[in-house]
Amino acid sequence: MIASVLAGHSAVADLPVRKDSFYERLGIDVILGEGAAAVQLDSSEVLTEGGRTIPFDRLLIATGSDARTVPAAEAAAAELDGIFYMRTLKHVESMVRILPEAGEGTGSALVLGGGLVGFKAAYGLLHRGFRVVMLIKSGYPLFMQVDAEAGRLIQEELEKKGLEVRTGVEAVGFEGEGRVEAARLSDGSMLSCSLVVVGKGVVPAMGFLPTEIETHAGVVVDEYLETTVPGIYAAGDVAESVDVARDKPWVNAIWPVAVEQGRHAGWNMAGRPVAYPGSLSRNVIRIFDLDVLTAGVVNPDEGEGYEAQVHYDPRRRLYRKLVTKEGRLAGVVLLNGIEQGGVLMNMVADRRPFTAPVERFFDGSFNFGLVSGRVG
Amino acid sequence: MKNVVVHPERCVGCMQCMIACATAHSHTKATPAALLEVPRPSPRVHVGAGIYNEGFPNRCRHCDPAPCLLACLPGAIYRDPETDTVLVNYDRCINCASCAMACPYGVIRYTEDYKAPPGKVVSVKCDNCVERQHEGKVPACVETCKTGALTFEDPAIAAKRKTGEVARSVSVGEEAREVPGSPTFSLLNALKRAQKIVNIR
Amino acid sequence: MIDPKKYENRTITEDGRLMLAKAEKDMIETVWDRHEAQQPQCGFCEMGLSCRICAMGPCRIDPFGEGPQRGVCGADADIIVARNLGRMVAAGAASHSDHGRDLVEILGKVASGEAQGYSISSPEKLHAVAAEYGLETEGKEDLAIAAELADAMMDDFGSKKSHLQLVSRAPQKRRDLWDRLRMMPRGIDRETSEMMHRTHMGVDNGWDSLIVHAARNALSDGWGGSMIATDVSDILFGVPQPVPSTINIGVLKEDQVNIVVHGHNPLVSEAVLQAVSSPEMVELATSKGAAGINLAGLCCTGNELLMRKGIPMAGNHLMTELVLATGAVEMMIVDYQCIMPALGTIAQCYHTKMVSTSDKAHFPHMEHHEFHPESATDTARELVRLAIEAYPLRNPDKVYIPVEPVDLLAGFSIEAILGALGGTPQPLIDAIVAGKIRGAAGVVGCNNPKIKHDYGHVTMMRKLIENDVLVVDTGCASVASAKAGFKTSKALEWAGPGLKEVCGALGIPPVLHVGSCVDNVRILVLAAALANTLGVDMSDLPLAGAAPEWYSEKAVSIGVYFVASGIFVVLGPTPPVTGSMNVVKLLTEGLDDLVGATFAVEPDPEKAALLMIKHIEGKRKALGLEARNIV
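Chains as they are written, first to last, in my numbering: chain P, 19 to 394; chain L, 19 to 219; chain Y, 8 to 638.
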C-alpha cells in the first residue's frame with residue numbers, strides 16, 4: 019500500500035485496514051512502539067526494548083522483516099537528506115514530504131535494486147513525473163518474479179515512460195550539500211540525482227532470538243507453523259516454511275502468505291491442529307498499461323524436472339509463461355489478461371494435474387470450465 | 019438459506035445470464051437502455067468454454083473463508099452476514115488485483131461501475147443480487163436461465179436431488195454420465211466431444 | 008519466426024501451418040481465432056431449438072423438458088428444428104440457383120450480342136442441351152439456339168411448369184418416386200419461395216412435410232439451378248477435359264504480378280483470365296519490373312478456371328485469409344459466396360487491393376468495380392491494370408511463399424470421364440461388376456474450423472481408395488485431396504489393388520477432380536447415366552456421398568438433393584437438428600423408406616469412410632454382385 023501512497027494513488031489515511039477499536043473489540047492487550055528484545059526460553063518470558071517482562075504459554079514470532087541495508091547508503095544517509103529505504107509508513111511519509119523539493123515533475127531519482135520494492139518505488143516516482151534511473155545487479159527488473167522475456171517487455175514499457183535501467187553497476191557513494199545531489203557509481207561515472215530509494219530486498223527480523231530456535235533464511239517452522247522449540251510458533255515474513263511450487267523450504271515474504279500463516283498459527287496455537295500446505299510466492303502489479311501476475315517457480319533451475327511453455331500474442335499484448343513439472347502447474351507469469359491468474363495460482367498451490375491441454379490456458383480469458391472437470 | 023446453485027451440465031452456452039446480470043447491475047435496469055449506459059454495465063457471471071467447448075457458467079461462490087477477502091490489502095472486501103454475500107466496497111478498492119490473484123475461480127473483473135466513484139476502475143464481482151433479493155426477486159441470472167442451469171434454492175435440497183438422479187441412473191444400468199432428461203442435448207455433446215477428440219488426434 | 012508446429016492441430020497442410028505462423032507474426036486475426044472467441048457457441052442454436060422467425064419471439068425450447076417446451080406460437084422442438092433446416096436448404100438452393108440465373112442471363116446477352124467478351128465455346132453442348140429442352144437445332148445459328156435455350160431455361164426458374172426440364176436425366180423410377188412423394192421440383196425460384204412461405208409462422212407446421220418440401224427445394228437446386236449453372240458454364244467457357252495444373256500457396260510467384268480470383272461465378276474469373284492474357288497487359292507488367300502476370304484461383308471460381316483452363320489454385324476456404332499473408336498478392340477479385348468479410352481488413356496489412364464485383368455482394372474495405380455484361384472485358388482489363396500498378400508497392404520484407412506447388416490432374420467432367428473410359432460408361436460398369444472397383448464415392452463440401460483443416464477429406468479419401476472405391480470430388484474437398492497428392496499417378500500407390508489396376512490402365516488418378524460445388528451435378532448426371540444403363544434406380548447403385556468438413560447452407564442443399572436422389576450421405580460436422588429426435592430419426596432412418604437413402608453423421612472420417620464402404624458393399628449384394636462382409 020505504501021507504494022500506492024508514493025505514486026499518489028492513495029492517501030495515508032486510507033492505509034489502516036482495521037478500525038482503531040480493533041484490539042479492544044477482540045480483547046487484545048497491545049503494546050505499540052516498543053519491540054521485543056529477547057526471548058527467555060527457560061522462564062517462557064519475552065523481554066521488551068522498554069524493559070518489560072511478559073510471560074507466555076504460547077508465543078508467536080511475527081516480527082516480519084526489515085529492509086536490507088546498503089553500506090554506501092548507510093554512510094551517506096547520516097549526512098545527506100533524500101536517501102530512503104522503502105519499508106515503513108515513516109519512510110514513505112518522509113519521501114512524500116520532500117518530493118516537491120526534490121523536483122517532483124522534473125527531478126531525477128535513483129533507485130537501487132530492481133526487485134519488487136525498487137520496482138514499485140520506480141513506478142511511483144515515474145508516476146509523479148520524475149526521471150528515474152534504476153541500478154540493478156541482474157539482467158532485468160523483477161528478476162525474482164519474472165523470466166527474461168517478460169522482464170524485457172516490462173522494462174520496455176517503463177522505458178517508454180522515462181525509466182532508464184543500468185545493469186551491472188552499483189552505487190558506491192553519494193555526494194551533495196545537505197541533500198543528495200549525485201551518486202558515484204562502481205564504473206567510475208557520476209550520476210546526478212535528487213532522491214535515492216534503496217530497494218535491495220528484506221531480511222527477516224530474527225536476530226534477537228535464542229539459538230535454540232533454529233533459523234536458516236527465516237525461522238524454521240514445521241507444517242503446524244511451530245518452531246524447533248515446542249510452544250513457540252512463527253508466521254509471516256520472518257518464517258521459513260515449505261514452498262509448494264519449489265518443494266523445498268523457502269521464505270515468501272508477501273502479504274497473502276503472512277495472512278495464511280497467521281491464521282494457521284492461530285488455530286494451532288489455540289490447540290486445533292491444522293496443517294499448513296506450504297507457501298507460494300505470488301505477485302500482481304499494475305504498471306501503466308501493463309499488468310503483471312506471477313506465481314510459483316518462474317525461473318526453473320536446469321535438471322530439476324521443470325518444463326516451460328511460453329506464448330506471446332503481440333496482437334493482444336498477452337504474454338504467458340507456464341512452468342510445469344510432472345504434469346502439474348508449478349509456475350506462472352502473465353502479462354496482461356490477469357483476471358484468470360487466481361485460477362492458475364490455485365492450480366499451482368493445490369498441485370493439481372492439468373485437466374485440459376496446456377495450450378488452452380494461453381488464452382487471455384479461458385474459463386473455469388476448463389478445470390472444473392465437467393464432462394457434461 | 020436459498021442460494022444460487024449452478025448445474026453446469028445444463029448450460030447450453032447461450033450467455034443470456036450474462037446479459038441479464040449486466041442489465042440488473044445498470045442504472046436503468048432494462049435492455050437495451052442498460053447496454054447503452056456510460057459506464058457500460060458488465061456481467062458478474064461469466065460463461066466460458068470447457069474442454070469440448072461446452073458451456074460453463076462461472077460465478078462467485080461467496081466462499082467462506084473467502085480468499086479474496088483475506089487477500090484484500092485495503093480491506094475493501096467484506097461479508098454481509100444476512101445474505102452470506104461477499105461484497106466489494108468500491109470506495110476502498112485500490113484496483114491492485116490481489117483479489118483476482120487469490121480467486122481460485124477467476125470470477126473477478128476490473129471495470130468502472132455506475133456505483134463506484136466516477137472514472138475509477140474497481141474490482142467487480144457477483145453480489146448475489148442483494149438489491150433484488152430485498153425486493154423479493156430472485157437473482158437476475160436465475161430468472162433468465164431457461165434450461166435450469168442456474169437455480170435459486172437451498173443447496174442442500176439441490177444436492178439431495180442430484181443424489182437421487184445419480185442413484186437412479188446407476189440402478190437402471192445407464193451410463194453414469196448420462197444427463198437425466200435430455201437425450202437430445204446428450205447427443206449434441208457426444209458429437210461435439212467426438213469432433214474435438216478427432217481434431218486433437 | 009514462430010514455430011509452425013504449434014498449428015498442427017489446426018491443419019494437416021504444410022502450407023497452412025507455415026502461413027498460420029506468418030499470419031501470427033503479422034498479427035493477423037484468422038477464422039480460427041474468431042472461432043475460438045465464439046466458444047461456447049449457443050447450444051439452443053446448435054440444436055436448432057431457437058427460432059427468430061416472428062416478432063412474438065424470439066423463442067427457444069429447453070432440451071431438459073422443464074423450461075419452455077413450445078414457442079409463443081405453439082411450435083414445438085420438431086417444428087422449430089424442421090423450419091430452421093428448411094430455411095437452410097432454401098438459402099443454399101437460392102445461392103446456387105441465382106448463380107445459375109446469372110449465367111442464363113449472360114447466355115441470353117451473348118445471343119443478342121450484348122455481352123462483351125463472352126461467346127459460345129462448346130456448340131456441341133449447346134446443341135445437346137437445347138435438344139433436351141425440345142428445341143429445334145437443325146439449320147439454326149448457334150446464337151439463335153442460345154437465345155431460345157436461355158429463354159427456355161428461364162422458364163425453369165418460374166411458376167409455369169410441373170417439373171424442371173433436366174429432371175428428365177434421372178431414371179424414370181426416380182422421377183415416379185418424386186412425383187409420388189410430392190418431391191418433384193416444379194420451378195427453381197418457386198420451391199425456394201414456397202419454403203419461405205411454409206416456414207412463416209402459421210403455415211407448414213408438419214415437421215415431416217417441411218422435410219419433404221426441403222427435399223423438393225433441394226432438388227430444384229440439384230436438377231435445376233446448379234445443373235443449369237454447370238451446363239451453361241460448359242456452353243460458354245468449354246466442357247472440361249483432363250488438364251494438368253498446380254495447387255497450393257506455392258502457385259503464387261515472387262517475381263510476377265499475382266492476381267487471385269475468389270468467389271463462384273466464372274463470368275468474372277473468365278473475363279479476368281482474358282484480360283490477364285492480353286499482350287498489352289503483359290507488356291505493362293514487364294514495364295513495372297514483373298516477369299509476367301500470374302492468375303491463381305481460390306474456392307469454386309478457382310475450380311472453374313482450373314477445370315477448363317488449367318489455371319492453378321492457391322487454396323480452399325480456410326486458406327483464403329492466409330493467401331493474403333504471403334504479402335505477394337497485388338489484387339484479390341471477388342464476386343459472391345463464401346467470401347469472408349474479414350478479408351478486406353486483413354488486406355489492409357499488405358499492399359493488396361481487394362475488389363468486389365457483384366452488386367449483390369458488398370464487403371467492408373473493398374473497392375467496388377461492378378461487372379456488367381456489356382463492359383465485362385473493359386472492367387476486367389481495368390482491374391488487371393490496377394493490379395499491375397500495385398506491383399511496385401509490394402514490400403519484399405513481407406513476402407513469404409514457403410512451399411513448392413503440387414501437381415494435379417483436373418478437368419473430369421462427365422464428358423471427360425466417359426472419354427477416358429473410351430466413350431461409354433461400360434468399362435466402369437464392367438469394373439464394378441467384376442469387383443475391381445467396388446463402387447464410387449463423392450466426397451464434397453467445404454472446410455470448417457470445427458474440423459482440422461483438410462483432415463476430414465484426406466483421411467476419408469485415403470481409406471476409400473485403399474478399399475478400391477473410386478472417389479470423385481468437388482469444391483474444397485477436391486482442393487484438399489489435390490494438395491495431398493491424390494490427383495497424380497503416384498497416388499495409385501495408396502489405392503487398393505483393383506482400383507490401382509483399373510485407374511492405372513485408364514491413365515487416371517484414383518481420385519477424380521470433378522470441379523466446383525455446382526459441378527456436384529456432374530456426379531448426379533454420372534449416377535443417373537449408370538442407373539439408366541443398368542436399368543435400375545439411383546438408390547440401387549453402389550454409391551455413397553460425404554461432406555466431411557461442410558459449413559455452408561449450400562452444402563445442406565447439396566446433401567439433401569443427393570439423398571433425395573437416392574445416394575447415402577455422411578456428414579462430418581453435426582447439422583443443427585439434434586434438438587428433435589423425430590427429425591434426426593427421419594433424416595438418418597426414415598428417409599430410407601421414402602427415397603431409398605439417408606444421412607449419417609460421423610465426426611471421425613475413418614469411421615465415416617467405413618460407413619460408406621459398408622453401404623457400398625450392401626448395395627453390391629442387393630444387386631446380386633459379389634460383396635464383402637464389412638464389420
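Glycine included, every Cβ here is placed at the ideal spot set by N, Cα and C.
When the Cα atoms are used, Arg202 of chain P and Ala85 of chain P turn out to be separated by approximately 22 Å.
Distance from the CA atom of Gln248 of chain Y to the CA atom of Gly81 of chain Y, rounded to whole angstroms, is 55 Å. Of the candidates Y:Val391, Y:Leu578 and Y:Val413, the residue whose Cα lies closest to the Cα of Val362 of chain Y is Y:Val391. Relative to Leu33 of chain P, the option among P:Val57, P:Leu44, P:Val110 and P:Phe102 whose CA is nearest is P:Val110. DSSP places Thr253 of chain Y within a strand segment (E or B) once states are collapsed to three. Under the 10 Å beta carbon count, Asn636 of chain Y is surrounded by fewer than 16 other beta carbons and is classified as exposed. In the pairwise beta carbon analysis, the stretch 29–46 of chain L is classified as not touching the stretch 366–376 of chain P: fewer than three pairs are separated by under 8 Å.
Residues of the stretch 330–342 of chain P whose Cβ lies closer than 7 Å to any Cβ of chain Y, in chain order: Pro332 and Arg333.
Taking a cut-off of 8 Å for Cβ pairs, the stretch 446–457 of chain Y and the stretch 412–421 of chain Y do not touch, as fewer than three such pairs fall below it. Scanning its chain for C-beta atoms nearer than 8 Å, with the 5 sequence neighbours on each side dropped, one finds around Glu15 of chain Y the residues Arg24, in chain order. Collapsing the DSSP output to three states places Gly505 of chain Y in a helix.
Per DSSP, Asn21 of chain L is one residue of the beta strand (DSSP E) stretching across Asn21 to Val24. Here DSSP, grouped into helix, strand and coil, assigns Pro118 of chain P to helix.
Scanning the stretch 232–286 of chain Y for uninterrupted beta strand (DSSP E) segments of 3 residues or longer gives 250–254 and 264–269, listed from N- to C-terminal end.
In this structure, the straight-line span from the alpha carbon of Ala84 of chain L to that of Asp98 of chain L is close to 12 Å. The beta strand (DSSP E) runs lying completely inside the stretch 39–122 of chain P and spanning 3 residues or more are 54–58, 63–66, 71–73, 77–79, 83–85 and 101–103, given in chain order. Residue pairing by DSSP places Gln327 of chain P opposite P:Leu340 in a beta bridge. In the structure shown, Glu183 of chain L adopts helical secondary structure according to DSSP, grouped into three states.
Contact annotation: in the stretch 36–63 of chain L, no residue has its CB less than 9 Å from a CB in chain P. Counted as a single uninterrupted DSSP element, the stretch harbouring Asn286 of chain P is not any beta strand (DSSP E) but the alpha helix (DSSP H) occupying residues Trp273 to Met287. From the beta-carbon of Met34 of chain Y, the residues of chain P found nearer than 8 Å are Pro332 and Arg333.
Residue pairing by DSSP places Ser57 of chain Y opposite Y:Arg67 in a beta bridge.
For Val164 of chain P, the three-state secondary structure derived from DSSP is coil. For Asp307 of chain P, no CB of chain Y lies under 9 Å from its own CB, so it is not counted at the interface with that chain. In this structure Ala489 of chain Y does not touch Ile300 of chain Y by the C-beta definition: roughly 23 Å separates them, more than the 8 Å allowed. Glu381 of chain Y and Asp366 of chain Y have their alpha carbons spaced roughly 15 Å apart. One Cα belongs to Thr20 of chain Y, the other to Met467 of chain Y, and the distance between them is close to 15 Å.
Sequence-distant partners of Ala607 of chain Y (beyond 5 residues in either direction) whose C-beta falls short of 8 Å from its own C-beta, in its chain, are Phe575, Val576, Val577, Leu578, Thr595, Ala615 and Leu618.
Taking the C-beta atoms as reference points, Gly100 of chain P is found no nearer than 9 Å to Ser207 of chain P. By the Cβ neighbour-count rule, Tyr41 of chain P is exposed, with fewer than 16 other Cβ atoms within 10 Å of its own. Counting along the chain, Ala21 of chain P sits inside the alpha helix (DSSP H) bounded by residues Ile20 to Ala25. Going by beta carbons, Met339 of chain Y and Thr308 of chain Y fall outside the 9 Å limit. When DSSP states are grouped into helix, strand and coil, Val310 of chain P belongs to the strand group. Counting only runs of 3 or more residues that sit fully inside the stretch 409–436 of chain Y, the beta strand (DSSP E) segments are 413–417, in chain order. Tyr128 of chain L and Val139 of chain L do touch by the CB rule: their CB atoms are close to 5 Å apart, below 8 Å. If you draw a 10 Å sphere on the C-beta of His324 of chain Y, you find 16 or more other C-beta atoms in it, and that means buried.
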